[in-house]
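K.L.:
Following the numbering used here, the numbering of the sequence shown begins with 247 at its first residue and continues without gaps.
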Amino acid sequence: MEHTDSLRPFRLSAADIDSYGLKEGGSAVLEYLGAPMAIFDITEIYEYDLDQMAEKTYGTTDLRHPGVKKTKAYKDRFIGGGITLINEPVFNAPFSNFWLTPRQHRDALRKKGWKNVVAHQTRNVPHTGHEALMKQAWFAANEDQSVDTLKTGILVNAIIGQKRVGDYIDEAILLTQDALRTNGYFRENVHMGVLHALGHALCRPPRGHLPRDSQDESRVHTSH
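Okay, structure coming up:
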């Protein structure tokens with residue numbers, strides 16, 4: 247069992263607090279699909295303005311934001327407290343390969359021998375912009391430590407579940423981020439010179455594209 251109270255308080259919207267007999271100092275069993283998952287130890291019952299909650303959490307009250315929409319659907323009575331996990335959730339592949347409890351995360355990082363950890367939270371597949379951010383953060387965190395024995399690592403926290411319309415699907419985010427982990431960062435660009443320009447000149451006109459000035463030395467033609 248893992249108790250998460252040391253990490254952060256847990257908040258739960260409960261419209262039927264009285265009918266369930268929930269009281270401060272009491273406890274409740276949290277279920278999913280009829281199966282008990284955790285014990286909720288209730289430390290307080292309170293009310294909170296939902297607009298203020300959305301504004302402070304997401305910086306907006308626009309209902310087009312999925313988090314705001316979900317928040318505004320809450321009732322205004324909440325119970326707060328700590329949670330003790332009694333049954334770990336079961337996930338289908340590929341999600342089952344990536345789910346860890348907070349304690350398992352800490353143990354895994356400790357086994358790697360990392361002194362510093364750069365956290366990167368994303369709802370996207372890898373791209374060069376995020377690659378640059380992760381690299382710069384890694385070098386800043388690693389400081390003057392030797393690179394021969396790695397003491398700094400990067401932990402990617404992929405956001406799965408409900409996101410904005412048009413975002414990448416969960417499987418794409420997880421699997422491409424994992425591919426980046428196993429295969430390494432993108433290779434350096436290679437200057438292709440005149441051959442690269444000739445390739446563009448042959449391919450673009452049939453598609454109605456106007457070629458740019460390939461002789462302009464201020465432009466660097468690159469390829470992966």
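Ideal Cβ placement from N, Cα and C applies to all residues, glycine included.
These figures come from a predicted structure and were not determined experimentally.
Select from G412, P340, K358 and A339 the residue whose C-alpha is nearest the C-alpha of N370.
P.N.:
Residue mapping note: residue 370 aligns to position 124 of the sequence shown, counting from 1. Ranking G412, P340, K358 and A339 by Cα distance to N370 puts G412 first.
K.L.:
Pick from C449, P282 and R410: whose alpha carbon is nearest that of N213?
P.N.:
Nothing can be reported for residue 213, as the shown portion of the chain is limited to 247 through 470.
K.L.:
Smallest Cα separation from G271: which of I285, E277 and G280?
P.N.:
Taking the first residue of the sequence shown as 1, we reach residue 271 at position 25. Of I285, E277 and G280, the residue nearest in Cα terms is I285.
K.L.:
CB of A447 to nearest heavy atom of the ligand ATP: below 7 Å?
P.N.:
Looking for the ligand ATP in the displayed structure turns up nothing, as the structure carries no ligands at all.
K.L.:
Once you ignore the five residues that flank D295 on each side, which residues in its own chain have a CB closer than 8 Å to its CB?
P.N.:
Sequence index remark: in the sequence shown, residue 295 carries index 49 (1-based). Within the same chain, D295 has close Cβ partners D322.
K.L.:
Note the first and the last residue of the continuous alpha helix (DSSP H) segment covering R427.
P.N.:
Residue numbering aside, residue 427 sits at position 181 when the sequence shown is read from its first letter. Residues D416 to N429.
K.L.:
Please confirm whether L346 and A354 have their CB atoms less than 8 Å apart.
P.N.:
By 1-based counting over the sequence shown, the position of residue 346 is 100. By 1-based counting over the sequence shown, the position of residue 354 is 108. Taking 8 Å as the Cβ cut-off, L346 and A354 qualify as a contacting pair.
K.L.:
Could you name the residues of the same chain whose beta carbon sits closer than 8 Å to that of I263, not counting the 5 residues immediately before and after it, in chain order?
P.N.:
Taking the first residue of the sequence shown as position 1, residue 263 is located at position 17. Answer for I263: I291, R323 and I325, listed in chain order.
K.L.:
Which residues does DSSP list as the beta-bridge partners of N362?
P.N.:
Within the sequence shown, numbered from 1, the residue matching residue 362 stands at position 116. Per DSSP, T398.
K.L.:
Helix, strand or coil for I329, going by three-state DSSP, please let me know.
P.N.:
Counted from its first residue, the sequence shown places residue 329 at position 83. In this structure, I329 counts as strand in the three-state DSSP scheme.
K.L.:
For D287, which residues from the same chain have a beta carbon less than 6 Å from its beta carbon, with the 5 sequence-adjacent residues on both sides left out?
P.N.:
For the purposes of this step, residue 287 is taken as the residue at position 41 of the sequence shown. If we look at D287 and ignore the five residues flanking it on each side, its Cβ neighbours are S273, G327 and G328.
K.L.:
Can you check DSSP and say which residues form a bridge with Q367?
P.N.:
Position 121 of the sequence shown, counting from 1, holds the residue named residue 367. In DSSP, Q367 forms a bridge with N403.
K.L.:
By Cβ distance below 8 Å, which residues in the same chain neighbour Q408 in space, the five residues on each side in sequence not counted?
P.N.:
Mapped onto the sequence shown, residue 408 falls at position 162. Here the set comprises P312 and K316.
K.L.:
Can you name, in chain order, every residue of its own chain whose Cβ lies under 6 Å from the Cβ of E463, other than the five neighbours on each side?
P.N.:
Here residue 463 refers to the residue found at position 217 when the sequence shown is read from its first residue. In this prediction, E463 has a pLDDT of 46, which is less than 50 and means its spatial position is unreliable; what the coordinates show is noted afterwards. None.
K.L.:
Given that a residue counts as buried once 16 or more other Cβ atoms are within 10 Å of its Cβ, and exposed if not, what is D251?
P.N.:
The residue given as residue 251 occupies position 5 in the sequence shown. Reliability fails at D251, whose pLDDT of 40 lies under 50, so the model's placement of it is uncertain and no value is given.
K.L.:
Give the C-beta separation of N362 and K397 to the nearest angstrom, bearing in mind that I take them to be a contact with Cβ-Cβ under 8 Å.
P.N.:
Reading the sequence shown from its first residue, position 116 is the one you call residue 362. Reading the sequence shown from its first residue, position 151 is the one you call residue 397. About 7 Å; that satisfies the 8 Å criterion.
K.L.:
Relative to the C-alpha of V402, which candidate in G359, G267 and M380 has its C-alpha closest?
P.N.:
For the purposes of this step, residue 402 is taken as the residue at position 156 of the sequence shown. It is M380.
K.L.:
Within this structure, are the beta carbons of A300 and T307 separated by less than 8 Å?
P.N.:
For the purposes of this step, residue 300 is taken as the residue at position 54 of the sequence shown. For the purposes of this step, residue 307 is taken as the residue at position 61 of the sequence shown. Yes; because the gap between Cβ atoms is below 8 Å, this pair is in contact.
K.L.:
Taking R427 as the reference, which of L444, A404 and A447 has the closest Cα?
P.N.:
On the sequence shown, position 181 is the one that residue 427 refers to. Here the closest residue by C-alpha is A404.
K.L.:
In its own chain, which residues sit with a C-beta less than 6 Å from the C-beta of L253, not counting the 5 before and 5 after it?
P.N.:
Along the sequence shown, read from residue 1 onward, the residue named residue 253 stands at position 7. Low per-residue confidence applies at L253: pLDDT is 39, beneath 50, and the placement is therefore not dependable, though the value from the model is reported in the following sentence. Excluding positions up to five away in sequence, the list reads P348.
K.L.:
Using the C-alpha atoms, what's the distance from T330 back to E248?
P.N.:
Counting from 1 along the sequence shown, the entry for residue 248 is found at position 2. Counting from 1 along the sequence shown, the entry for residue 330 is found at position 84. Because the pLDDT at E248 is just 44, under 50, the model does not fix this residue reliably, and the point stays unresolved.
K.L.:
In this structure, does DSSP put T317 in helix, strand or coil?
P.N.:
As a first step, residue 317 must be located in the sequence shown, where it is residue number 71. Correct three-state label for T317: helix.
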